[in-house]
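Counting in our numbering, the sequence shown runs from 244 upward without gaps. From the three backbone atoms N, C-alpha and C, an ideal C-beta is built for every residue, glycine too. Every value quoted in this text rests on a predicted model; they were computed, and no experiment measured them. Let me begin by presenting the structure, written as structure tokens, before commenting on it.
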Amino acid sequence: MDMLTRLDADTAALRLRMQQQTRQMSTGLRSDLLGDLAGQLPRLLDLRAEIARRDAYTQSIGQALARTQATQTALARLSEIAREFGNDVAMKLDANDPESIPLMAERAKLALVEVGQLLNTRSNGEYLFAGSDFANPPVPDPNGLPGSSFATRIASAVSSLGGGNAAAVAADTMAALLDDSAGNSPFSPFLQAGGAGLAEGQRTAPSGEGVQTAFGIIANRNGAAVSQGETSGAWALDLLRGLASIAALTPAQAADRTDFRDLSIAIREGLRSAAGALADESGALGLAEQRLEASRTRQQTMRDALESQVADIQEVDLAATLTRLKATQTTLEASYTALGRLGELSLARYLA
244 MDMLTRLDAD TAALRLRMQQ QTRQMSTGLR SDLLGDLAGQ LPRLLDLRAE IARRDAYTQS
304 IGQALARTQA TQTALARLSE IAREFGNDVA MKLDANDPES IPLMAERAKL ALVEVGQLLN
364 TRSNGEYLFA GSDFANPPVP DPNGLPGSSF ATRIASAVSS LGGGNAAAVA ADTMAALLDD
424 SAGNSPFSPF LQAGGAGLAE GQRTAPSGEG VQTAFGIIAN RNGAAVSQGE TSGAWALDLL
484 RGLASIAALT PAQAADRTDF RDLSIAIREG LRSAAGALAD ESGALGLAEQ RLEASRTRQQ
544 TMRDALESQV ADIQEVDLAA TLTRLKATQT TLEASYTALG RLGELSLARY LA
């Protein structure tokens with residue numbers, strides 16, 4: 244009986260072992276219960292927390308890259324407009340061809356509206372050029388830009404062209420855009436004088452421990468670009484100024500050919516400044532995208548390494564487990580056979 248009892252106990256232990264190995268083959272885990280991992284539990288929890296942190300960085304970078312890609316698309320079209328009017332339209336402004344001026348003015352009005360709409364570009368419901376005020380458009384009324392206060396002031400200045408005042412007219416058009424007071428600025432209250440947006444830095448994304456990568460651009464000031472030449476210091480203002488100035492031209496201004504030529508040069512140079520700064524802005528944003536992509540790759544690589552360490556703690560080697568399962572199954576079957584034979588023994592057969 245002692246032999247039978249021991250064999251039965253061994254068989255029960257084998258059954259439990261087989262159940263555990265079968266469960267491991269099914270789930271790939273050493274155990275479904277964290278408590279069974281005993282001394283490895285603190286390290287496992289630390290590894291999981293670190294993986295969550297890497298995931299947070301990766302998610303933040305992914306969201307930032309989605310915004311930068313949409314921003315790049317808007318910048319590309321803004322650059323096209325600046326080049327089109329700086330290198331084509333403004334170059335064709337000619338006092339000897341006053342009949343073409345109304346057509347160019349009309350094109351400029353349409354471009355003004357498009358620029359306002361581009362500055363209101365959104366990604367995932369957020370206005371990209373609005374700074375931290377991403378729920379509100381940086382240009383509240385893009386369709387009304389041709390008739391806005393700053394455009395009216397520019398038109399008034401342009402209408403006074405003549406008598407050698409081209410430089411003064413150009414200065415007045417600049418002043419019209421630099422006045423960011425309420426009622427004159429085409430931008431939102433957040434970006435006007437006294438608004439919180441004026442002192443706000445570029446939007447950034449956390450891309451690593453203590454690392455912030457700047458990528459945001461605010462509608463009425465440059466991000467990383469530095470405007471050169473005939474400029475207000477901001478490519479958006481230069482672009483709006485140039486377009487509004489062309490939109491204000493009429494054949495009447497062509498009467499004074501010298502002033503018309505000088506103002507046309509100022510308009511052209513302002514638009515070229517905008518185009519150059521936009522190219523620099525796009526380039527700087529491209530570098531930020533490269534840094535973000537590199538950071539995302541590093542975070543993913545580190546996450547994979549951490550996952551491997553977690554797997555060493557939690558997971559089983561399926562091939563080795565299968566081998567052990569088969570060995571346990573064979574041993575258990577032999578144990579059942581032995582139990583069966585012991586059960587068939589009788590005193591008469593034992594004494595025979």
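Counting every other CB atom within 10 Å of its CB across the protein chains shown gives P285 a total below 16, marking it as exposed.
Note on geometry: alpha-carbon atoms of A333 and A354 lie some 13 Å from one another. Of the candidates I304, I324, L535 and P341, I324 places its Cα closest to the Cα of L514.
In this structure, the alpha-carbon of Q360 lies about 17 Å from that of R310.
Following the DSSP letters along the chain, one finds Q455 inside the beta strand (DSSP E) bounded by residues V454 to A457. According to DSSP, residue pairing for E369 in a beta bridge involves S366.
With fewer than 16 other Cβ atoms from the protein chains shown falling within 10 Å of its own Cβ, Q302 counts as exposed. For T314, the enclosing alpha helix (DSSP H) begins and ends at L284 to R326.
Uninterrupted alpha helix (DSSP H) stretches at least 4 residues long and entirely within the segment 388-439 occur at 392-402 and 409-421, given in chain order.
Your pair D376 and G440 checks out as a contact, with CB atoms roughly 6 Å apart and the cut at 8 Å. Assignment of A448 by DSSP, reduced to helix, strand and coil, places it in the strand class.
In the structure shown, the three-state DSSP call for V469 is coil. Below 8 Å, too few C-beta pairs join the segment 421-428 and the segment 496-511 to call them touching: fewer than three.
The alpha-carbon of E369 is positioned some 28 Å away from that of A351. Look at D340 here: in three-state DSSP terms it is coil, with no helix or strand label.
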